[in-house]
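With numbering that gives the first Met the number 0 applied, the sequence shown covers 0 to 500. Ideal Cβ placement from N, Cα and C applies to all residues, glycine included. One structure below.
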Amino acid sequence: MQFRLPPLLLSVPAVLALLSTPVLAQANAQGDFNGDGFDDLAVGTPFFDNGSLLNVGAANVIFGSAAGLAFNGNQRFVAFNLNLTEVAFDQLGTALAAGDFNGDGFDELAIGVPGKDGLSINNSGMVAVVPGSATGLNTIQRTILTQVSDSQESGDSYGSSLIAGDFNGDGFDDLAIGAPGEGIGSATAAGAVEVRLGSAAGLGSTGQFWHQSMAGVLDTAETNDRFGAVLEAGDFNGDGRDELVIGVATEDDDAISNMGVVHVLIGTATGLTAIGDLLLSDSCDGEEAEDQYGFALATGDFNNDGFDDLAIGALFEDVGTVMNAGQVEVRYGSSSGLKNAVQCWNQNTGGVLDSVEALDVFGCALVAADFNNDGRDDLAIGSYGEDIGSVVNAGAVNVLLGSAAGLTATGDLFLQDTACDGPETSDNLGLALGAGDYDGDGRDDLAIGIPNEDNSVTNGGAVQVVPGPLTGVTAECWSQDTVGIIGVANPGDGFGRALGR
0 MQFRLPPLLL SVPAVLALLS TPVLAQANAQ GDFNGDGFDD LAVGTPFFDN GSLLNVGAAN
60 VIFGSAAGLA FNGNQRFVAF NLNLTEVAFD QLGTALAAGD FNGDGFDELA IGVPGKDGLS
120 INNSGMVAVV PGSATGLNTI QRTILTQVSD SQESGDSYGS SLIAGDFNGD GFDDLAIGAP
180 GEGIGSATAA GAVEVRLGSA AGLGSTGQFW HQSMAGVLDT AETNDRFGAV LEAGDFNGDG
240 RDELVIGVAT EDDDAISNMG VVHVLIGTAT GLTAIGDLLL SDSCDGEEAE DQYGFALATG
300 DFNNDGFDDL AIGALFEDVG TVMNAGQVEV RYGSSSGLKN AVQCWNQNTG GVLDSVEALD
360 VFGCALVAAD FNNDGRDDLA IGSYGEDIGS VVNAGAVNVL LGSAAGLTAT GDLFLQDTAC
420 DGPETSDNLG LALGAGDYDG DGRDDLAIGI PNEDNSVTNG GAVQVVPGPL TGVTAECWSQ
480 DTVGIIGVAN PGDGFGRALG R
């Protein structure tokens, strides 16, 4: 059985087909892997081919420095140096997450390999965890995680999504791992999430197992829900323990297909609990078929009140009569958790640059970071279907700034390709977003995936990095053609399909 993510397309049926295989989820991998005080950027290339072996995948790490991302000393991870057997359609690098799981002061890098086969089990999936050190990531001491909370099964796609967070508040990061292909009873691809807790010895050998038919979890597991395809973490009630946010973009409600929902599991001293579980659905325009609410998630403190806030993308939301324009819903944290009141953002919202257009898919990717160092997180929103003039599907990113009252359109930024050859047809800039303070100046920098950028090859892919504060600065273009980046570009690699944040 071959496992692969199909090429990016902009129609609803095409993305629904994509969702029948592991979703390229929001990849949360901001980390300082060598402990030098500068964030490093992890880039996933799950479509990388090695000769005749298609889509084996790869991941690159570009290290930060006082001058920003550095050309020297970078690392690349493929099956060979992770001591894995390289097999077509493994898609190593589909998901990335960074966290200090053992508390040694160096972040580890978790790399999802959802297409990896187990013993006579196709596409059961695995995760490689590579420890950090003063000299970078150490492949010799890497560990391999496979599903332990339930038996490995064909098509589980364990490792399709990853997120790190401290769910029990013990000071060690924990790792949540999505297995959206997991069958629950007779419901195929209902989806599940396994959580491994961190400790001084690293990630535990046992895990918590979550799905929609568990006691206390709202809703019921259904075929093709793909619970766990999108993950995020944040402390919404300020108790020092992260909550786990789970996007279920293909959730149906009776006859309303693929409307999407979002679950929030609460952090406690013993780990996550379903007590107080939240089940969120679209409060901006109500539940509508094919909106895919929860396709993208981001957490940040947009008003600097000490509570994380949650942004939820519904990339196929219709705005008025404009189909699949996309919308983002924001819910604010408080001492009692997420509030019921919401902000609704689309490109027709007053002050937001540009205007809604069919198939823009505003909200396809999200990342929160403090780009201007004012103490409040800002929200970057990808629209990979945005047309720039007559250039179709070039892609763009809007940035809403944080304020004491929350996100505001005042000062909204509209970013496009300025460093990687300019806007081109079907580049799909903004499909993936990441952020980190790569130069240590106190302002986060924005990384924007351009997975279908043509460089030396067609659709080789690139990443545009825009230094904070995102205005009055010169963006950089990184690809497998860049001096210092390990690896050779192949057609269709899609460098930048997954990005660190």
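Enumerate in chain order the residues of its own chain whose CB-to-CB distance from aspartate 300 is below 6 angstroms, with the five nearest sequence positions on each side excluded. Indexing the sequence shown from 1 puts residue 300 at position 301. Result list for aspartate 300: Asp307 and Asp376, in chain order.
Thinking glycine 429 and threonine 44 are a contact (beta carbons under 8 angstroms), I'd like their distance in whole angstroms, please. Taking the sequence shown and counting its residues from 1, the one referred to as residue 429 is at position 430. Taking the sequence shown and counting its residues from 1, the one referred to as residue 44 is at position 45. About 17 angstroms separates the two Cβ atoms, so there is no contact after all.
Own chain, CB closer than 7 angstroms to serine 256, minus 5 neighbours either side, in chain order: Locating residue 256 in the sequence shown gives position 257, counting from the first residue. Ala288 and Glu289.
Expected contact under 8 angstroms - CB spacing of glycine 206 and valine 229 to nearest Å: Within the sequence shown, the letter at position 207 stands for residue 206. Within the sequence shown, the letter at position 230 stands for residue 229. Incorrect: roughly 19 angstroms between the Cβ atoms, too far for contact.
Does the beta-carbon of aspartate 89 have 16 or more other beta-carbons within 10 angstroms, so that it is buried, or is it exposed? Residue 89 sits at position 90 when you count from the first residue of the sequence shown. Counting Cβ neighbours within 10 Å, aspartate 89 comes out buried, since at least 16 surround it.
When the Cα atoms are used, what is the spatial distance from alanine 364 to asparagine 73? For the purposes of this step, residue 364 is taken as the residue at position 365 of the sequence shown. For the purposes of this step, residue 73 is taken as the residue at position 74 of the sequence shown. Cα to Cα, the separation comes out at about 26 angstroms.
For a test of the three-state rule: what should DSSP assign to threonine 138, helix, strand or coil? Residue mapping note: residue 138 aligns to position 139 of the sequence shown, counting from 1. In this structure, threonine 138 counts as helix in the three-state DSSP scheme.
I'd like the ranges of any beta strand (DSSP E) spanning at least 3 consecutive residues and lying wholly in the segment 80-109. 95-98
Might you give, ordered along the chain, the residues of its own chain that have their beta carbon closer than 7 angstroms to the beta carbon of alanine 57, omitting 5 neighbours on each side? Mapped onto the sequence shown, residue 57 falls at position 58. So the list reads Thr44, Phe47, Arg75, Phe76, Val77, Leu91, Gly92 and Gly486, once near-sequence residues are dropped.
Residues in its own chain within less than 6 angstroms of aspartate 369 by CB, not counting five upstream and five downstream? Position 370 of the sequence shown, counting from 1, holds the residue named residue 369. Closer than 6 angstroms at the Cβ level, and outside the excluded window around aspartate 369, lie Asp376 and Asp443.
With arginine 330 as the anchor, note down where its beta strand (DSSP E) starts and where it stops. Locating residue 330 in the sequence shown gives position 331, counting from the first residue. From DSSP, the beta strand (DSSP E) with arginine 330 extends over 326-330.
Find out if the Cβ-Cβ distance for the pair phenylalanine 32, leucine 81 is shorter than 8 angstroms. Working through the sequence shown from its first residue, we reach residue 32 at position 33. Working through the sequence shown from its first residue, we reach residue 81 at position 82. It is not a contact, given that the beta carbons lie outside the stated cut-off.
Residue interval of the beta strand (DSSP E) (run including leucine 445): As a position in the sequence shown, residue 445 is number 446, starting the count at 1. It spans 444-449 - the beta strand (DSSP E) in which leucine 445 sits, taken as one unbroken run.
Coarse secondary structure for leucine 352, derived from DSSP in three states: For the purposes of this step, residue 352 is taken as the residue at position 353 of the sequence shown. Here leucine 352 sits in coil by DSSP.
Taking DSSP as the reference, what is the three-state secondary structure of alanine 66? Residue numbering aside, residue 66 sits at position 67 when the sequence shown is read from its first letter. Residue state, collapsed to three classes: coil.
So glutamine 346 and alanine 324 are supposed to be a Cβ contact under 8 angstroms. How far apart are they, rounded? For the purposes of this step, residue 346 is taken as the residue at position 347 of the sequence shown. For the purposes of this step, residue 324 is taken as the residue at position 325 of the sequence shown. The Cβ separation is near 7 angstroms, so the contact holds.
Whole angstroms are fine: how far does the CA of leucine 40 sit from the CA of isoleucine 61? Here residue 61 refers to the residue found at position 62 when the sequence shown is read from its first residue. Here residue 40 refers to the residue found at position 41 when the sequence shown is read from its first residue. When rounded, the distance between both Cα atoms is 5 angstroms.
Grab the span of the beta strand (DSSP E) containing methionine 125 for me, first residue to last. For the purposes of this step, residue 125 is taken as residue 126 along the sequence shown, with counting starting at 1. Run containing methionine 125: 125-129, per the beta strand (DSSP E) assignment.
Measuring alpha carbon to alpha carbon, tell me which residue in Pro113, Val327, Asp234 and Asp386 is nearest alanine 357. Counted from its first residue, the sequence shown places residue 357 at position 358. Selected option, being the one with the closest Cα: Asp386.
Under a Cβ-count criterion, where at least 16 other Cβ atoms within 10 Å of its own Cβ denotes burial, should phenylalanine 512 be classed as buried or exposed? Residue 512 is absent from the model: the chain starts at 0 and stops at 500.
Collapsed DSSP secondary structure at glutamine 25 in the structure displayed: Counting from 1 along the sequence shown, the entry for residue 25 is found at position 26. Because the pLDDT of glutamine 25 is 42, which lies under 50, any placement of that residue in the model is unreliable, and the number read from its coordinates should be weighed accordingly. DSSP places glutamine 25 in coil when its eight states are reduced to three.
Where threonine 20 falls: helix, strand or coil (DSSP): Counting from 1 along the sequence shown, the entry for residue 20 is found at position 21. Note that threonine 20 scores a pLDDT of 37, beneath 50, so its modelled location is shaky; the value from the coordinates is reported in the next line. It is coil, neither helix nor strand.
With a cut-off of 8 angstroms on the beta carbons, I'd call glycine 439 and phenylalanine 37 a contact; round off their distance for me. Your numbering for residue 439 matches position 440 in the sequence shown. Your numbering for residue 37 matches position 38 in the sequence shown. Their Cβ separation, rounded to whole angstroms, is 5 angstroms, which keeps glycine 439 and phenylalanine 37 in contact under 8 angstroms.
Bridge-paired residues (DSSP) for glutamate 242: For the purposes of this step, residue 242 is identified with residue 243 of the sequence shown, where counting begins at 1. Beta-bridge pairing links glutamate 242 to Gly233.
Between which two residues does the beta strand (DSSP E) containing glutamate 193 stretch? Residue 193 sits at position 194 when you count from the first residue of the sequence shown. Per DSSP, glutamate 193 belongs to the beta strand (DSSP E) from 191-195.
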